[in-house]
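A.B. asks:
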Amino acid sequence: MQEKVTAIVGVLDDTLDRLCTDDGWDDFVDAAARMPRMSANNLRLLQEQMPDVSDVADFKQWKERGRTPRKGAQGLLILKQAKVKLPLTDPTGEPILDAKGQQLYDERATGETTVGTVFDISQTDGPAHSPQMPFPDERMFAAAFRAVTDEEDPEDAVTDVARMRLDVLGGDDTNIEAETHAVAAVIARRWGVTEPIAPYWADRSPAAVRASSIRVSRVVSRLLGTPLLP
């Protein structure tokens, strides 16, 4: 498994040059808007395997959403936290069982990274798809953003909130403008709060761009209230 992880990390290194371009950064922002649950690394991995990827989940998650990956569909590889199942016991050390008398387990992260497989919605069959996240009334959402900023214009309000969230994360201030515009663009594209905001691109070192992509995905995940995958 470690060999697979190493190979995938190699893909991220090999494709970093693409991210460090105007078009590459814009594509990354588009992907973050479509899949706000995903980390920066997984967004890039998914784009490399399927450029038009739009909504992914593993086999079990698709079943829970009423859809099934098609037979023979080629899964998309992502990085995820390795987990281990530990049997639950009571204070006396006796196993804790469910109503059917089966052992209950607690799933915990091991701190290591492993490889997971997901499928895009285009690889699944099932009922008509509905967005994972409802799109709120534009005026209500814009008003909510204006309530925590001094900005009246919806686009300015969204941008202000993005900047505040990035400030909380800390980091290199020289990247703040590109990151702020990226987060604001994701919000606008995801929720339709304003006309699409164009991401602001600035030539920076590959290391700085990689760091910016990670910060952007973290802020997007927190703003949209979804769990972040590795």
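All residue numbers for the sequence shown refer to the working numbering, where the first residue is 508 and numbers rise by one. Note that the Cβ used here is the ideal one computed from N, Cα and C, for glycine as well. None of these values were measured; they are calculated from a predicted model.
Does the beta-carbon of E510 have 16 or more other beta-carbons within 10 angstroms, so that it is buried, or is it exposed?
C.D. replies: Answer is exposed; the Cβ neighbour count stays below 16.
A.B. asks: Once DSSP output is grouped into helix, strand and coil, what is the label at E555?
C.D. replies: Three-state DSSP puts E555 in a helix.
A.B. asks: Please specify which runs of the beta strand (DSSP E), each continuous and at least 3 residues long, are wholly inside the region 599-643, giving them in chain order.
C.D. replies: As far as the region 599-643 is concerned, its whole beta strand (DSSP E) runs of at least 3 residues are 612-627.
A.B. asks: Locate the beta strand (DSSP E) running through K587, then write down its first and last residues.
C.D. replies: Taken as a continuous stretch (DSSP letters only), the beta strand (DSSP E) holding K587 covers 583-594.
A.B. asks: Can you name, in chain order, every residue of its own chain whose Cβ lies under 7 Å from the Cβ of L604, other than the five neighbours on each side?
C.D. replies: Closer than 7 Å at the Cβ level, and outside the excluded window around L604, lie Q610, L611.
A.B. asks: By a C-beta neighbour count over all protein chains shown, 10 Å radius and 16 as the cutoff for buried, is D667 buried or exposed?
C.D. replies: Buried, since its Cβ has 16 or more Cβ neighbours within 10 Å.
A.B. asks: If we call anything under 7 Å between Cβ atoms a contact, is A539 one with S728?
C.D. replies: No, these two residues do not count as a Cβ contact at 7 Å.
A.B. asks: On the DSSP bridge list, what partners appear for P713?
C.D. replies: None; P713 has no bridge partner.
A.B. asks: I'd like the list of long-range same chain contacts for T596, defined as Cβ closer than 8 Å, with 5 residues on each side in sequence excluded.
C.D. replies: Only P602, I603 meet the Cβ criterion.
A.B. asks: Pull up the CB-CB distance for A589 and E619, whole angstroms please, since I reckon it's below 8 Å.
C.D. replies: Indeed they touch by this definition, with Cβ atoms about 4 Å apart.
A.B. asks: By the three-class DSSP mapping on this structure, what secondary structure does T575 have?
C.D. replies: Note: T575 maps to strand in three-state DSSP.
A.B. asks: Using C-beta distances below 8 Å, list every residue in its chain close to E555, excluding the 5 sequence neighbours before and after it, in chain order.
C.D. replies: Only V518, T522 meet the Cβ criterion.
A.B. asks: Do you know whose CA, among R615, M545, D524, lies nearest V625's CA?
C.D. replies: For the residues R615, M545, D524, the minimum Cα distance to V625 belongs to M545.
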